Amino acid sequence: MKRKASLFIAVAVFALAIGIQFTFAADEPSDKEWKKFEGAWFEILYPADFRVEPSLKGVTSVEGHDSVFFVSPSDEVAFYVFSPQWSGDPSDILLNQETEKQLTLEDSNKDGKQVRQCTIEAKDGSYCRTYEDVQDPQINTRRVFGIRYKDQKTLDQYKEQYKRFQDSLAQFAD
Numbered sequence: 000m001k002r003k004a005s006l007f008i009a010v011a012v013f014a015l016a017i018g019i020q021f022t023f024a025a026d027e028p029s030d031k032e033w034k035k036f037e038g039a040w041f042e043i044l045y046p047a048d049f050r051v052e053p054s055l056k057g058v059t060s061v062e063g064h065d066s067v068f069f070v071s072p073s074d075e076v077a078f079y080v081f082s083p084q085w086s087g088d089p090s091d092i093l094l095n096q097e098t099e100k101q102l103t104l105e106d107s108n109k110d111g112k113q114v115r116q117c118t119i120e121a122k123d124g125s126y127c128r129t130y131e132d133v134q135d136p137q138i139n140t141r142r143v144f145g146i147r148y149k150d151q152k153t154l155d156q157y158k159e160q161y162k163r164f165q166d167s168l169a170q171f172a173d
C-alpha cells in the first residue's frame, strides 16, 4: 500500500512539474508567433497576428521604410518604430492639435544621447500614445519607439510584447 501511495505521489509531482513547465511555455510567445519586418535600415520582430502598416519611405534607400506601425487585430494597440540610417524626422507621429493634446513631455540626456519622452491623448479619450525618441548627436542617429493604446488595461496587457518588440530592433549602417 505504501508503494502505491509513493508511486501516486511521484506521478502527481511529475505531472505537476510538467504542467508548470507547459504553463510557463504558454505565457511566453514562441518565435513562430513572431514575424520579422525588414525596414530600409533595420529589422524588428512583431507579433505574427499584427497588421503591418509601413509609413515613411526610406530617405537614404531606394527600398524599404524608415518607420512602420504594427497594429493588433482588435485595433486596441499599435507598436511603432522609426529607425532611419541617420537622423531624420518622424513626421508621421506629430501631434494633431485639432484632435489631440500633449499630456507629458520630458527631455533628458543619457550617455551623451538626447532622450525625449512624451504622451499624447486623443481629445475624445479614445486612445493615448507614448513615444521615446533617442537622438545621438555624436554619430547623427535617431530611433523612436511608440505605442498607441486604448486604455491603461490595454497597455498593461501588451507591455511584455512591446518590450520584446523594442528589444528585437537591429539597426544597420552602410
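Following numbering that gives the first Met the number 0, the numbering of the sequence shown begins with 0 at its first residue and continues without gaps.
Beta carbons are placed, not taken as given, at the ideal position from N, Cα and C, and that holds for glycine.
Remember, it's a predicted structure, so these values are computed and weren't measured experimentally.
- When the beta-carbon positions are compared, Pro46 and Glu32 come within less than 9 Å of each other.
- Secondary-structure assignment with DSSP links Gln170 through a beta bridge to Phe41.
- Phe144: member of the beta strand (DSSP E) spanning 140 to 148, first to last residue.
- The three-state reading of DSSP puts Asp91 in helix, counting H, G and I together.
- Within the same chain, Cβ atoms closer than 7 Å to the Cβ of Leu168 are found at Phe41, Ile43, Val80, Ser82, the five residues on either side in sequence being excluded.
- For Lys158, the three-state secondary structure derived from DSSP is helix.
- The beta carbon of Ala121 lies closer than 7 Å to those of Thr98, Glu99 in the same chain, with the five residues before and after it left out.
- Proximity of the stretch 138 to 158 to the stretch 111 to 129 meets the contact definition, three or more beta-carbon pairs being nearer than 8 Å.
- Look at the stretch 44 to 92 and you find these whole runs of beta strand (DSSP E), each 3 residues long or longer: 50 to 53, 66 to 70, 76 to 81.
- According to the DSSP assignment, Tyr126 belongs to no beta strand (DSSP E), since it is labelled neither H nor E.
- Judged by their CB atoms, Leu154 and Val76 are nearer to each other than the 9 Å cut-off.
- Using a 10 angstroms sphere on the CB of Ser90, the tally of other CB atoms stays under 16, which defines it as exposed.
- Secondary structure of Glu32 (DSSP, three-state): helix.
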